[in-house]
Structure formats: C-alpha cells, structure tokens
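Peer 1: Here the working numbering is used: the first residue of the sequence shown is 1, the next is one more, and so on. For glycine and all other residues, C-beta sits at the position ideal for the given N, C-alpha and C.
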Amino acid sequence: MRRKKLFLAAAPLAALLPLVLTSVTQTAPAQAATTSCAAVPVAAPDGARIESVQAAQKPGGTVTFPPTQFTPPATITDVPAYCEITVTLTHGTAGDHVKVAVTLPQTGWTGRLQAVGGSAYTAGDFGAPLVQAVKDGFSGVTTDAGVPLTFLDTSWALTPRGEIDKPLVTNFATRSVHEAALVGKDVTQKFYQREVAYSYWNGCSTGGRQGYSEAQRYPGDFDGVLANAPAVHWAEFAVATLWPRVVMNQEKTFPAPCVFTAFQQAAIKACDGRDGVTNGIVDRPDECGYDPRSLIGAKVLCGDKEVTVTAADAEVVRRIWAGPTDEHGRRLWAGLPKGADFGPVTTAPGFPVAVGWVQTFLKKQPGFDTEKITYRQFADLFRQSVREYDDVIGTSDPDLSGFRRAGGKLITFVGTDDQLIPPGGTLRYRHEVEREMGGSKRVNDFYRLFLAPGVAHCGGGAGATPTNALGALVDWVEHGKAPSTLPAANGGKTRDLCPYPQVSRYRGHGDPAVASSYRCTGR
C-alpha cells in the first residue's frame, strides 16, 4: 500500500537548484525515535548487485557547505544527529559503481522520504539539500548515477574507444533515480523498522527532468513530485541553447553586452504593463510582440563609449528571440524569452551544457569546436539529438495516466525569464498533456504548472521565487489541498503565482510589491 496514515506532521522545505535554503517552522513536534547508526541489509533492485553498504554517524548541529559553480554557500543550523548510509550498486558487466546516499535523522523522523535531484551533468546532490531534509524530518536520498559530481564534465559518457558508454548514460538518464527511490525506501524501512508513509521528489533543472522521468516511467515511486525548470525535452533543449552562438557566428555580428542589455530593457519597457502594473517584469514573454528593429539607430552608452545599434544587431536579436530554425526556416524550438538576460547564452563558447552535449554525445569529439557550426549543421545536430536520444533521456511522454492512477501529484514552477531552459519547452509539454488527458481542468487535478514572472533559471532575477513549493506539495498529497497559488518572494516583494493557464493581474490598487494587490484570472 502506498498510502499510509502519517504518524507525524511537519512543514518541509522547498529546495531549488541553484540552491535556495529556507528555514521551516514545524507545525507539530516530531516524535523522537532514536536509533543506532549501522549498516543495514539492502535488497538489490532488479538488474543490480550490491557492492557495499557503509554507515557513517553525523553529529548534526551547524553544518556548512562551500559554494560551487552552481550553488551558493550554505549554512544549516540546528540539524539533529543523523546517520548516512551509502549503498554502492553495479550492473552486470557494466563496470559501473553507483553510489546512493540515504540520510536518516536519529530523532524527529516524520515518516517522509525526500529524494534530491541533480544539476547539469551531475545526477544528484550529496550536500546541503540532504542535510536540510534531515533538519525537516525527512529521510533523504540521492545518487551519483556512477558519474562524476562535477556538473559539466561529460567525459564519462565515452568509452576509451570513443563510443557512447550506454550503461552510464542509462544510469544518468533514468535508471539510477528509480533505483535510488527503491534503495531509499528499503534503507529507511530497515533503519526505523517502519515503512515510509509518503515519498517525495525534489529537483530543479536536471532534477526537474528526473522528476518528470519518474512520473512517466515509474509512476509508483513517489507520491509527490516537485520538478522545477525541467529539461523535459532534453534532446531538443541541449542543442537549442547553442542557437544564439550559432546565429552570432553565422551572421558575423557580435553585439556588445551593453547592446544586448539595451534590447532586453527595450522589450521589458514595451511589454511590462500587460499585467496591469509597471514593475520591470514581462509576465508572459511568449505574448510580447516587441520588434527589435525599432531600436535600430539608438545610441547606447557602453562604459565611456557611445555605440549605435545597427540593423545587423537587431537581426541577431530577432533570430535569438524567435528561436532555432532548420535550413528551410521552419521553427525547431523556443527561443530566449523576451526580457531575459542574454549573457549566459551569448557569451563564448555558449551554454556549457549544450557545448558538452554536442561535443560528447553527438560528435563524440571532446575537442569539437561548436563555434564553427553552420545553420545547416545545427539543424542536422538537432535532428540527430532527437533521433538518437529522445527515447533514452527524453521525458516528453504526455500520457501521465499511470501517475494519476497511482494518486501522484506533480507541481512545477518555471521562471518566465529562464534563459538556460526557456519556458517554451515546458509550456509545450503541458499543452500536450492537456490534449492527451482531457484538458487543463482535468490535468490540474493532479498536475499544476506555475509560471514565475521575471524569475530566471531555478531562481534569481527580478521576479518572486516560490518560498515553500515542497510544503504545498505535501499539503496536496497528504491533505488533499490543491494549491490555488504558490506564495513567492524576492527580498521585500511578495507575489502569489497562479496555476496555468491562469495569469496574475494587478487589481488596480494597493502596493505593487505586495501579493494581495494581484489576483489570478483566466486572462
């Protein structure tokens, strides 16, 4: 039975990648359950073999984590003592060594399991999210999928003979997250001598993709899935985000950063007021009709030098906003959202995830120069990526009937200014699910998408980011309270995000920086 009465209640944390840690107030005291920290017998998932099980006692208290290229430094206080059990798996003759870490609070376990997703080419997070899960009364679980925890390294995907390492790619794409769910539940049950009452997925970016993979392929693994800024069409997006560099190189036009910023600000100015208030945010970039050609001839101050915007500059921006096309001009994918920062995708040599994907997975040449890709080559690479990898790593299956039947709940938020995984891909997937499963009203019964105006990839930007999306998911799963909004904040500004297809509109009065001044409406 997946549904069991939960014996304790606690309000959990929303954890994002890049990492955002938010303290959580418990709604009820957690019942103490002190256990010794020791290895437990672990059942191997089908097709896997257990290589080792190791236990390490962790003192808790104040735990600090240094910054990484994807996460800021983090300090978590008042962490209870916990046990970390690491299980190493291997598969047949693959020669892989997959680590699954399970963190288990020695007091205050709420009966919940939280699985933590990865980022870029790292499959999991063994740092702050697992410790925060412990603090909030979860047992935590994550996996490295047998690949390095280095975010951008893709060398693991090639064998010494220069061929794709299929077992490792399978681990990274789908297998290891499913196995982590099985191992996490098994270890937790044996550690506490009681089964997990509710299990949750929590991830953003790659972690978002992993969450959708679980809902589609293994709908019984998690009661609730929080999958933010998801790369739901990995095979497409991983090539598409190279488009800005391809355009600049092929047009032989390289606008200065200050010129790109001028186009960004011009789009914001033109489309800012659509939600009824001027606040420096484009709430629906996909509906912004600003034409970059209107900036031709404008003077832009770049440091102490004045630059004139050219027609060539405007054409580059038009193509970047319009999105990738094939050799016949037919649109392949969504472009950079109007109002988003150009920098991460226009700075040479381009978005590193896309560069690594083309070099390693498509060309199988680590030194391949993506700066020389022509328009025709780009279209060929895009088609190759979909053809070879959509069935391997793609998560665009719109049939979520298995997840719905299992009683699962799915929440996603996407920043409208996400420049790394533009929101167009998630919107496309959502529309496909609605067509498959009976329209937005029926889909909202188990899957809710929230657009976050002005928010960049997984957080940041001028907009407000959800403050406790995981808590909303827990309320939905355990108490049947579907979220009518997601509370969000950015500094002193607050905003309630609306479930798609609703949008947020200013009421016409009240402080524009306060959530109560807005309402959700169909249009």
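Around the Cβ of V514, are there at least 16 other Cβ atoms within 10 angstroms (buried) or fewer (exposed)?
Peer 2: Looking up residue 514 in the sequence shown gives position 514. So V514 counts as exposed.
Peer 1: Considering only residues of the region 128–210, which uninterrupted beta strand (DSSP E) runs meet the minimum length of 3 residues and lie entirely inside it, listed in chain order?
Peer 2: The qualifying runs are 138–143 and 198–204.
Peer 1: Give me the DSSP bridge partner(s) of N490.
Peer 2: Your numbering for residue 490 matches position 490 in the sequence shown. In DSSP, N490 forms a bridge with K493.
Peer 1: Could you tell me whether the Cβ atoms of L420 and S385 are closer together than 8 Å?
Peer 2: Here the question's residue 420 lines up with position 420 in the sequence shown. Here the question's residue 385 lines up with position 385 in the sequence shown. Not a contact, by the Cβ cut-off of 8 Å.
Peer 1: Please determine, among E327, N249 and Y212, the residue with the shortest C-alpha to C-alpha distance to R383.
Peer 2: Residue 383 sits at position 383 when you count from the first residue of the sequence shown. Looking at the Cα atoms, E327 is the closest of the given residues.
Peer 1: Going by DSSP, which residues form a beta bridge with N468?
Peer 2: By 1-based counting over the sequence shown, the position of residue 468 is 468. DSSP, once it has assigned bridges, lists no residue as partnering N468.
Peer 1: Hey, quick one: how far does the beta strand (DSSP E) through T88 stretch, first residue to last?
Peer 2: Counted from its first residue, the sequence shown places residue 88 at position 88. Counting along the chain, the beta strand (DSSP E) containing T88 begins and ends at Y82 to T90.
Peer 1: How about G140 and T86: are their beta carbons less than 8 Å apart?
Peer 2: One-based indexing of the sequence shown puts residue 140 at position 140. One-based indexing of the sequence shown puts residue 86 at position 86. Not closer than 8 Å, so no.
Peer 1: State the start and end residues of the unbroken alpha helix (DSSP H) segment that holds L381.
Peer 2: Here the question's residue 381 lines up with position 381 in the sequence shown. From DSSP, the alpha helix (DSSP H) with L381 extends over Y375 to I393.
Peer 1: Opposite L410 in the DSSP bridges: which residues?
Peer 2: Walking along the sequence shown from the start, residue 410 turns up at place 410. Beta-bridge pairing links L410 to V225 and Y447.
Peer 1: Identify, in the order they occur along the chain, each residue of the same chain with its Cβ nearer than 8 Å to the Cβ of G280, setting aside the five sequence neighbours on each side.
Peer 2: What you label residue 280 is simply residue 280 of the sequence shown in a count that begins at 1. Closer than 8 Å at the Cβ level, and outside the excluded window around G280, lie I268, D272, G454 and A462.
Peer 1: By the DSSP assignment, the alpha helix (DSSP H) with K269 in it spans what residues?
Peer 2: As a working mapping, residue 269 is identified with position 269 in the sequence shown. That run of the alpha helix (DSSP H) goes P257 to C271.
Peer 1: Ordered along the chain, which non-local residues of its own chain (more than five positions away) have a Cβ less than 6 Å from that of A311?
Peer 2: Within the sequence shown, the letter at position 311 stands for residue 311. Correct list, in chain order: I296.
Peer 1: Flag this pair as yes or no: are the beta carbons of G47 and D96 separated by less than 8 Å?
Peer 2: The residue you call residue 47 lines up with position 47 of the sequence shown. The residue you call residue 96 lines up with position 96 of the sequence shown. It is not a contact, given that the beta carbons lie outside the stated cut-off.
Peer 1: Specify, as a first and last residue, the run of the beta strand (DSSP E) that V116 falls within.
Peer 2: Counted from its first residue, the sequence shown places residue 116 at position 116. Segment R112 to V116, the beta strand (DSSP E) holding V116.
Peer 1: Which residue or residues does DSSP assign as beta-bridge partners of V102?
Peer 2: The count along the sequence shown starts at 1 and reaches residue 102 at position 102. Answer is I85 and V141, bridged to V102.
Peer 1: When you compare each of S484, H457 and K493 to A464 by their alpha carbons, which one comes out closest?
Peer 2: For this step, residue 464 is matched to residue 464 along the sequence shown. Answer by Cα proximity: K493.
Peer 1: By Cβ distance below 6 Å, which residues in the same chain neighbour G510 in space, the five residues on each side in sequence not counted?
Peer 2: Translated into positions along the sequence shown, residue 510 becomes position 510. Result list for G510: S517, in chain order.
Peer 1: Apply the 10 Å Cβ neighbour rule to G303 and answer buried if 16 or more other Cβ atoms are within range, or exposed otherwise.
Peer 2: Numbered from its first residue, the sequence shown carries residue 303 at position 303. Result: exposed.
Peer 1: To the nearest angstrom, how far is it from the Cα of D341 to the Cα of D475?
Peer 2: Taking the sequence shown and counting its residues from 1, the one referred to as residue 341 is at position 341. Taking the sequence shown and counting its residues from 1, the one referred to as residue 475 is at position 475. Those two C-alpha atoms are separated by around 35 Å.
Peer 1: Out of curiosity, what's the CA-to-CA distance linking T174 and R217?
Peer 2: By one-based count along the sequence shown, residue 174 stands at place 174. By one-based count along the sequence shown, residue 217 stands at place 217. One C-alpha to the other measures close to 8 Å.
Peer 1: Report the option in R507, S36, C37 and T346 whose CA atom is closest to the CA atom of V277.
Peer 2: Residue mapping note: residue 277 aligns to position 277 of the sequence shown, counting from 1. Answer by Cα proximity: R507.
Peer 1: Can you give the Cα-Cα distance for P349 and Y192, rounded to whole angstroms?
Peer 2: As a first step, residue 349 must be located in the sequence shown, where it is residue number 349. As a first step, residue 192 must be located in the sequence shown, where it is residue number 192. Taking the straight line from one Cα to the other gives about 50 Å.
Peer 1: Out of curiosity, what's the CA-to-CA distance linking D144 and V259?
Peer 2: The count along the sequence shown starts at 1 and reaches residue 144 at position 144. The count along the sequence shown starts at 1 and reaches residue 259 at position 259. Distance between the alpha carbons of D144 and V259 is about 41 Å.
Peer 1: May I have the straight-line CA-CA distance separating T34 from L497, to the nearest angstrom?
Peer 2: Residue mapping note: residue 34 aligns to position 34 of the sequence shown, counting from 1. Residue mapping note: residue 497 aligns to position 497 of the sequence shown, counting from 1. Interpretation of T34 is limited by its pLDDT of 49, a score under 50 that renders its predicted location unreliable; no figure is taken from the coordinates.
Peer 1: Measure the beta-carbon distance from G224 to G117 and round it to whole angstroms, keeping in mind my assumption that it falls under 8 Å.
Peer 2: By one-based count along the sequence shown, residue 224 stands at place 224. By one-based count along the sequence shown, residue 117 stands at place 117. Wrong, their Cβ atoms sit about 13 Å apart, outside the cutoff.
Peer 1: Who pairs with V239 in a beta bridge, going by DSSP?
Peer 2: Start at 1 with the first residue of the sequence shown, and residue 239 comes out as number 239. Answer is none; V239 lacks a bridge partner.
Peer 1: Only counting the same chain, and skipping five residues up and downstream in sequence, which positions put a Cβ closer than 6 Å to that of I373?
Peer 2: Taking the first residue of the sequence shown as position 1, residue 373 is located at position 373. Once the five neighbours on either side are set aside, the close Cβ partners of I373 are V246.
Peer 1: Taking the alpha-carbon of T485 as reference, which of R523, G459, I411 and T416 has the nearest alpha-carbon?
Peer 2: The sequence position of residue 485 within the sequence shown is 485, counting from 1. Comparing Cα positions, the closest option is I411.
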